[in-house]
Amino acid sequence: MPKKTINLLLRIALFTLILCLGTGAALVIGETTGLALADLSNAPVETLVKAPQPGTFYAALAGNMRGVYRSDDYGRSWQKIGNGPAAAIQTLAIHPVNKQLIYASTLADNSGSRLWSSPDGGKSWNELGLNLPANPAGQPPTISTLTIAPDNPEVLLVGTEGAGLYRLRPANGKYELVGGETMAQLYVKEVVAAAYHPLYAISTEGLFLVDGNTGYKIEGLPDAAVSLAIDPADSQHLYLGTAGYGLYHSEDGGRNWQALNAGLGWQPGVIMRVPTVAVDQDNPDHL
988 MPKKTINLLL RIALFTLILC LGTGAALVIG ETTGLALADL SNAPVETLVK
1038 APQPGTFYAA LAGNMRGVYR SDDYGRSWQK IGNGPAAAIQ TLAIHPVNKQ
1088 LIYASTLADN SGSRLWSSPD GGKSWNELGL NLPANPAGQP PTISTLTIAP
1138 DNPEVLLVGT EGAGLYRLRP ANGKYELVGG ETMAQLYVKE VVAAAYHPLY
1188 AISTEGLFLV DGNTGYKIEG LPDAAVSLAI DPADSQHLYL GTAGYGLYHS
1238 EDGGRNWQAL NAGLGWQPGV IMRVPTVAVD QDNPDHL
């Protein structure tokens, strides 16, 4: 088999591993060529996000290859943009309008997580003020997830480890708790939001829906929630990735669930974790 063909297959396999395994996957980036190599033993990927423009992704790497990397060809090749802030990046969020504006949080220290912004696509970084309330243990909260609010791109949805979910305006540092006291002490693992659709939060305590500023826990899930997607054509149609029972969907906003495991190879007694699920925005019938 020609060497070029082998290299291409390795890059495609590598990108697939990153999407499927998240932080469990790793990349080694050739800084001089900008290509992703096949060796997965170094430089773990801390986070991977899709940019608004088609085919563009950003990855934050730790270890000896710490920095921010960008791919403009659906993950086939990667180029290092910069070293990132002073500490390893844990979360990334890309502004949907100003595609050069990136937000990031870094590992917590004695003063809690730190929040950063980059105005030039990851080349340089500025620290933003972050004064979220302390968690129940009296410690500054650690940021677990960052999401741009779909109804207002000037607002960040900031999930924390044990201190709930907040709406934060980076321009002035103002914040408000999302979901009221019901969600005030949640460990938020993922926020799923779409314009004109309800807001959902996946936490260690289950799946929560935010209506206005009140949070409700969705009961009766078939298994622990790991991932969630909203049908862009119908906000009541949800797709749920579970910790062990595969993929489910609900057509009534989460009150009832049906399995969607046909063709996925799931069998009773076999654990099937679905860490990521997404709906094709151009064809909502495709996942």
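In the working numbering, the protein residues as written are 988 to 1274.
Glycine included, each C-beta is placed from N, C-alpha and C at the ideal position.
Just so you know, these numbers come straight off a predicted model, no measurement behind them.
*Limits of the unbroken beta strand (DSSP E) element including Val1213*: Here residue 1213 is taken as the residue at index 226 of the sequence shown, counted from 1. Counting along the chain, the beta strand (DSSP E) containing Val1213 begins and ends at 1212 to 1218.
_Validate contact between the region 1106 to 1118 and the region 1065 to 1073 using beta carbons, cut 8 Å, 3 pairs_ = yes
*asked:* To the nearest angstrom, how far is the alpha carbon of Gly1199 from that of Thr1132?
replied: On the sequence shown, residue 1199 is found 212 positions in, with the first residue counted as 1. On the sequence shown, residue 1132 is found 145 positions in, with the first residue counted as 1. Those two C-alpha atoms are separated by around 21 Å.
_Beta-carbon within less than 7 Å of Pro1083's beta-carbon, same chain only, minus the 5 sequence neighbours each way: which residues are those?_
Counting from 1 along the sequence shown, the entry for residue 1083 is found at position 96. Within the same chain, Pro1083 has close Cβ partners Pro1039, Ile1135, Pro1140.
*Taking just the CA atoms, how far does Ile1089 sit from Leu1119?*
Locating residue 1119 in the sequence shown gives position 132, where the first residue counts as 1. Locating residue 1089 in the sequence shown gives position 102, where the first residue counts as 1. Separation of Leu1119 and Ile1089 (C-alpha to C-alpha, rounded to the nearest whole angstrom) is 20 Å.
*Measuring alpha carbon to alpha carbon, tell me which of Tyr1183, Gln1254, Glu1238, Lys1176 ends up nearest Thr1191.*
On the sequence shown, residue 1191 is found 204 positions in, with the first residue counted as 1. Here the closest residue by C-alpha is Lys1176.
*beta strand (DSSP E) segment containing Gln1223, residue limits*: Along the sequence shown, one-based indexing puts residue 1223 at 236. First-last of the beta strand (DSSP E) with Gln1223: 1221 to 1229.
*Pick helix, strand or coil for Thr1263, following the three-state DSSP scheme.*
As a first step, residue 1263 is located in the sequence shown; it is residue number 276 there, counting from the start. It is coil, neither helix nor strand.
*Count the CB pairs spanning the region 1123 to 1132 and the region 1099 to 1112 that are closer than 8 Å, and state whether there are at least three.*
yes
*For Glu1114, does the three-state DSSP call read helix, strand or coil?*
Start at 1 with the first residue of the sequence shown, and residue 1114 comes out as number 127. Reduced to three states, the DSSP call for Glu1114 is strand.
_Residues sharing a beta bridge with Gln1066, DSSP_ = By 1-based counting over the sequence shown, the position of residue 1066 is 79. Arg1057, per the DSSP bridge assignment.
_Local conformation of Gly1050 per DSSP, three classes_ = For the purposes of this step, residue 1050 is identified with residue 63 of the sequence shown, where counting begins at 1. Gly1050: helix per DSSP, three-state reduction.
*Which runs of the beta strand (DSSP E), 3 residues or longer, sit entirely within the region 1175 to 1215?*
1175 to 1179, 1186 to 1190, 1193 to 1198, 1201 to 1204
*Which residue's Cα is closest to the Cα of Val1178: Asn1159, Thr1147, Ala1124, Glu1206?*
The residue you call residue 1178 lines up with position 191 of the sequence shown. When each option's Cα is compared against that of Val1178, the closest is Thr1147.
*Provide the residue(s) that pair with Ile1089 in DSSP beta bridges, ordered along the chain.*
Position 102 of the sequence shown, counted from the first residue, corresponds to residue 1089. DSSP lists Ile1081, Ser1105 as partners of Ile1089.
*Around the Cβ of Gln1077, are there at least 16 other Cβ atoms within 10 angstroms (buried) or fewer (exposed)?*
Sequence index remark: in the sequence shown, residue 1077 carries index 90 (1-based). Burial call: buried.
*Using a Cβ-Cβ cut-off of 7 Å (strictly less than) and excluding sequence neighbours within five positions of Asp1269, which residues of its own chain qualify?*
What you label residue 1269 is simply residue 282 of the sequence shown in a count that begins at 1. For Asp1269, where only same-chain residues beyond five positions count, there are no Cβ hits under 7 Å.
*Mapping DSSP to helix, strand and coil, what is Gly1250?*
Counting from 1 along the sequence shown, the entry for residue 1250 is found at position 263. Of the three classes helix, strand and coil, the one that applies to Gly1250 here is coil, per DSSP.
*Glu1238 by DSSP, collapsed to three states: which one?*
Taking the sequence shown and counting its residues from 1, one reaches residue 1238 at position 251. The three-state secondary structure of Glu1238, taken from DSSP, is coil.
_Euclidean distance between Cα positions of Ile1005 and Leu1048_ = In the sequence shown, the residue the question calls residue 1005 occupies position 18. In the sequence shown, the residue the question calls residue 1048 occupies position 61. Any reading at Ile1005 is ruled out, since the residue's pLDDT is 45, under 50, leaving its predicted position unreliable.
*asked:* Using the three-state DSSP reduction, which class does Gly1256 fall into: helix, strand or coil?
replied: Within the sequence shown, numbered from 1, the residue matching residue 1256 stands at position 269. In the structure shown, Gly1256 sits in coil (DSSP, three-state: anything other than H, G, I, E or B).
*His1184: which of Tyr1174, His1224, Ser1214 sits nearest, CA to CA?*
One-based indexing of the sequence shown puts residue 1184 at position 197. Among Tyr1174, His1224, Ser1214, the Cα nearest to that of His1184 is on His1224.
*Grab me the residues of Leu1164's own chain with a C-beta within less than 7 Å of its C-beta, minus the 5 sequence neighbours each way, in chain order.*
Indexing the sequence shown from 1 puts residue 1164 at position 177. Once the five neighbours on either side are set aside, the close Cβ partners of Leu1164 are Gly1151, Tyr1153, Ala1171.
*Measuring CA to CA, which of Phe1044, Leu1144, Leu1173 is closest to Lys1161?*
As a working mapping, residue 1161 is identified with position 174 in the sequence shown. By alpha-carbon distance to Lys1161, the top candidate from Phe1044, Leu1144, Leu1173 is Leu1144.
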